[in-house]
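> Please find one structure pasted underneath; my questions will follow.
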Amino acid sequence: MFCKILSLIVLLLLIGTNASAAAKPAAEATIYQVTGYAYDPGESGGDIAVGRVLCATRCNAFSSDYRNYTEAGGWRVIKIASDQEVRVDIDNPFIEGHCLCTADQYKVIVNSVSFPDRTVLD
Amino acid sequence: MKLFLSLLFLATFVLPFNLYAAKVDDLSPQQIRQLGERMYREGVLPNGEPIQAFAAGDIPVEGTSFTCISCHLRSGLGAIEGTVISPPATGKILYEERTTSIKGNEYVPSYHSYAVNLPPRPAYTDETLAKMIASGVDPNGRSTMAIMPRFQIDDENMAILIAYLKTLSAELSVGATKEMLHFATVIVDGTDPAEIESMVLPLQFSVDRKNSLATASKNNDRIARMAYNMLGPDLLAKRFSLERWVLKGPSSTWRAQLEAYYKANPVFALLGGISHGDWAPVHRFCEDKQLPDIFPQVDYPVLDESSWQTIYLSRGIRQEGEAAARYLAGMSELFKDRPVIQVSRNSRRGSALKAGFNASWAQKHKTPVLDISLPAGVALNVKQLSKIIKTQNPAAVVVWDDASALPALQKIAQTEGWKGLLLTSGTWLGDKIWTLPADMRKKLYLTWPYRLPHENARFNISLKRILSGRSLDDFNFEVISKSYITNEVLGKALKDMRGEYYRDFFLDSIDMLPDTYFPLYERLSFGQGQRFASKGCFIVQLGKGENPQLERRSEWVTR
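Chains as they are written, first to last, in this note's numbering: chain A, 158 to 279; chain B, 994 to 1552.
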């Protein structure tokens, strides 16, 4: 009887944990702030000038506004690398190739400066 | 000799001014308001000519380009932007001595920070004020900043302008009393009760919290000190009220209902409000009564750039259509004379998206969009559309319809030999957006006028603060987020108003807010006279995997 109650409690706890986890943002994330862009047509023969214009949009889309993380409250962003070259698909039906986004890499972490024991923000 | 010089001075400067001032006395208050307001807001003299002025010392400019309102704002209460200080230009403040503190608020940190930026000076008189407007020299004999033009206005017109400044923000606006600030929110009858609750809860929370603070400050010295520092003694002591104005029946009857509500309780401003249909009668009512309305939650805002009283969160449904056109326009060089086909449901939502798309497209392209209209109740005809795609070979197909169009879109995306871009409204798909089949995700582009959901989840912590322990799932997420924004902006604006409760200053204070990051929207930006706070929209695609996320394919596309 005791075991049954215990397993029921464990089950309820697990359900509760999963449900709340679904509503939570990832505790940590990696984001990029793009500082430059280029187009790599590869073997597709895509127009360099047009590809470069499209890569401006594509790399901007890849970039994150850090204030969307810090202004929410409870997170901070720390720079972990500068001028990384990140290769992303151009994602365009008219032209093939890749975009080379030059970006600073940041890690989004829970702001535990004032609360050293805190690892997750609810 | 001295007597002669004195008489000459009187004859040259003082007497003519008084003579013309007497002429101003012949004008009715309404005439002064009309003529003075035109000079202040438009830089136009009563005779219709532009005011002449010199900027940066000796560069001749027209007053229509350097109006008083552009720096001193509509309320006349001015602003500080970076290093540019535009002090208040209202008679009430100009005709009082200025010191390094604001009387009665000497120890309020934000008031102090503001006051120390303005140099002390004695009270103006009509003569010293006229001299300052004409020559840029204040009663201390000190020049104002070079950015302030020196206006060439004759004595008669100067007297009209000065008389107008004396009326500017001279009396507290209706709905603001020494003890109270009255607000209302407009609800269109028939709106989903869950949405109404989600809209009202943050507003009521704000009102209740403010009133609790006012009560607690009376009973607890520590709370009183904290609230004094944050709000100042005036806002601290004020209590708020929030009425619900429910509009029933057809929109043609709303005006009379609004008049009745307003007569019974003339509020200071409307907060929020909700309607999925018409809003124009409320918008017009606010314009006529000069009643601010902050962030009504409407799908179809009134797009009148000359309106002043209503600040919307965005341009509504139409904004997605505008963003789609701008996104396509950015790659139109690749279309090589291939047409764009737009299929839109013949409904208010479909028409708004289509209108937004066409208006934005027409700004950059002369090639017309091939429009296909879907009558109500008629499903998207895949065969017909596939045939058109095969014959026309469009560069892009834009479909404005709900999730019922998804099976057809899937087939269109698979049209053999067609290499083009398929785009639709992400918000109109609702929750079905998350169920897009894997083979479609790479081909279908979506408009998304909000922050991406997985990034926005971080802001839930802000929303949870106002839920009093209830779950966010109990509410309509978009509606409660928008109402939360209203609540935050209200608080920021009131704190910036320094106890000057004028409706125009309320709107000026919102206009002067910096870009802000609240739940839901990527960012909100404000500016003088700007009436749509969120100006952008993303173009996104659904990513891979079992729990896919939206992925940006564009930056925040702005108008």
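For each residue, glycine too, the CB sits at the ideal point set by N, CA and C.
#1: If you run the structure through DSSP and keep just helix, strand and coil, what is Gly1410(B)?
#2: Would you list the one or two residues that DSSP bridges to Tyr1176(B)?
#3: Helix, strand or coil for Gly1423(B), going by three-state DSSP, please let me know.
#4: For my contact list, Ala229(A) and Ser1307(B) are in at a C-beta cut-off of 8 Å; report their separation, rounded to the angstrom.
#5: Quick one: is Gly1225(B) buried, meaning 16 or more other Cβ sit within 10 Å of its Cβ, or exposed?
#6: In angstroms with no decimal places, state the Cα-to-Cα distance between Ile237(A) and Val243(A).
#7: Could you name the residues of the region 183-213 of chain A whose beta carbon sits closer than 7 Å to any beta carbon of chain B, in the order they occur along the chain?
#8: Confirm, please, whether the CB-CB distance from Leu1422(B) to Leu1543(B) is below 7 Å.
#9: Assuming Ser201(A) contacts Glu253(A) (C-beta within less than 8 Å), just tell me the rounded distance between them.
#10: Kindly say whether Asp240(A), judged by its beta-carbon, lies nearer than 7 Å to any beta-carbon of chain B.
#11: I need the straight-line Cα distance from Gly1492(B) to Ala1230(B), nearest angstrom please.
#12: Can you give me the Cβ contacts of Arg1034(B) inside the same chain, cut-off strictly under 7 Å, excluding the 5 residues immediately before and after it?
#13: Once DSSP output is grouped into helix, strand and coil, what is the label at Arg233(A)?
#14: Taking Gly1538(B) as the reference, give the member of Val1275(B), Thr1428(B), Trp1301(B) with the closest Cα.
#15: Once the 5 residues before and after Arg1026(B) are set aside, which same chain residues still bring their CB inside 8 Å of it?
#16: Please decide whether Ala1014(B) counts as near chain A, where near means a Cβ-Cβ distance under 7 Å.
#17: Looking at the structure shown, is Ala1269(B) part of a helix, part of a strand, or coil, going by DSSP?
#18: Using a C-beta cutoff of 7 Å, does Gly1538(B) count as contacting chain A?
#19: So, does the CB of Ser1547(B) fall closer than 7 Å to a CB anywhere in chain A?
#20: Does the beta carbon of Asn268(A) come closer than 7 Å to any beta carbon on chain B?
#21: When the distance is taken between beta carbons, is Ala260(A) closer than 7 Å to Val191(A)?
#22: Just the Cα atoms here: how many angstroms apart are Phe1233(B) and Asp1227(B)?
#23: Taking a contact to mean a Cβ-Cβ separation below 7 Å, would you say Pro1442(B) touches Glu1313(B) in this structure?
#24: Which residues in chain E have a C-beta closer than 7 Å to the C-beta of Ile235(A)? List them in chain order.
#25: How about the region 1287-1299 of chain B and the region 1200-1208 of chain B: do they share at least three Cβ pairs that are nearer than 8 Å?
#26: Which class does Gln1283(B) belong to by DSSP, given the choice of helix, strand or coil?
#27: With 16 other CB atoms within 10 Å as the buried threshold, where does Arg1067(B) fall?
#28: Pull up the distance between the alpha-carbon of Val210(A) and that of Leu1321(B), whole angstroms please.
#29: Flag this pair as yes or no: are the beta carbons of Gly1069(B) and Thr1083(B) separated by less than 7 Å?
#30: To the nearest angstrom, how far is it from the Cα of Asn1469(B) to the Cα of Trp1354(B)?
#31: By DSSP, does Val1017(B) sit in helix, in strand, or in coil?
#32: Buried or exposed for Asn1213(B), going by 16 or more other Cβ atoms inside 10 Å?
#33: Given this structure, state the Cα-to-Cα distance separating Phe1519(B) from Glu1164(B), to the nearest angstrom.
#34: The alpha helix (DSSP H) spanning His255(A) covers which residue range?
#35: As a quick exercise: from Lys1329(B), Gln1302(B), Gly1343(B), pick the residue whose alpha carbon is nearest that of Glu1315(B).
#36: If you draw a straight line from the C-alpha of Arg1552(B) to the C-alpha of Leu1346(B), how long is it?
Taking the structure as given:
#1: Reduced to three states, the DSSP call for Gly1410(B) is coil.
#2: Residue identity differs from the one stated: residue 1176(B) is Phe in this sequence, not Tyr. Per DSSP, Leu1235(B), Ala1262(B).
#3: helix
#4: Not quite, the Cβ-Cβ distance comes to about 20 Å (not below 8 Å), so this is no contact.
#5: buried
#6: 14 Å
#7: For the region 183-213 of chain A, the residues whose beta carbon sits under 7 Å from a beta carbon of chain B are, in order, Val207, Leu211.
#8: Judged by their CB atoms, Leu1543(B) and Leu1422(B) are not nearer to each other than the 7 Å cut-off.
#9: 4 Å
#10: no
#11: Rounded to the nearest angstrom, the two C-alpha atoms are 11 Å apart.
#12: Thr1060, Ile1062
#13: strand
#14: Thr1428(B)
#15: Tyr1157, Thr1160
#16: Because the pLDDT at Ala1014(B) is just 46, under 50, the model does not fix this residue reliably, and the point stays unresolved.
#17: The amino acid at residue 1269(B) is misidentified as Ala; the sequence shows His. In this structure, His1269(B) counts as coil in the three-state DSSP scheme.
#18: no
#19: yes
#20: no
#21: yes
#22: So the alpha carbons of these two residues sit roughly 13 Å apart.
#23: yes
#24: Structure shown: chain E not included; protein chains present are A and B.
#25: no
#26: Three-state DSSP puts Gln1283(B) in coil, outside helix and strand.
#27: buried
#28: If you take the alpha carbons of Val210(A) and Leu1321(B), they lie about 13 Å apart.
#29: yes
#30: 33 Å
#31: helix
#32: By the neighbour-count rule (16 or more Cβ atoms within 10 Å), Asn1213(B) is not buried but exposed.
#33: 26 Å
#34: Not the alpha helix (DSSP H): His255(A) falls in the beta strand (DSSP E), residues 255-267.
#35: If we check each option's Cα against that of Glu1315(B), Gly1343(B) comes out closest.
#36: Computed Cα separation, rounded: 14 Å.
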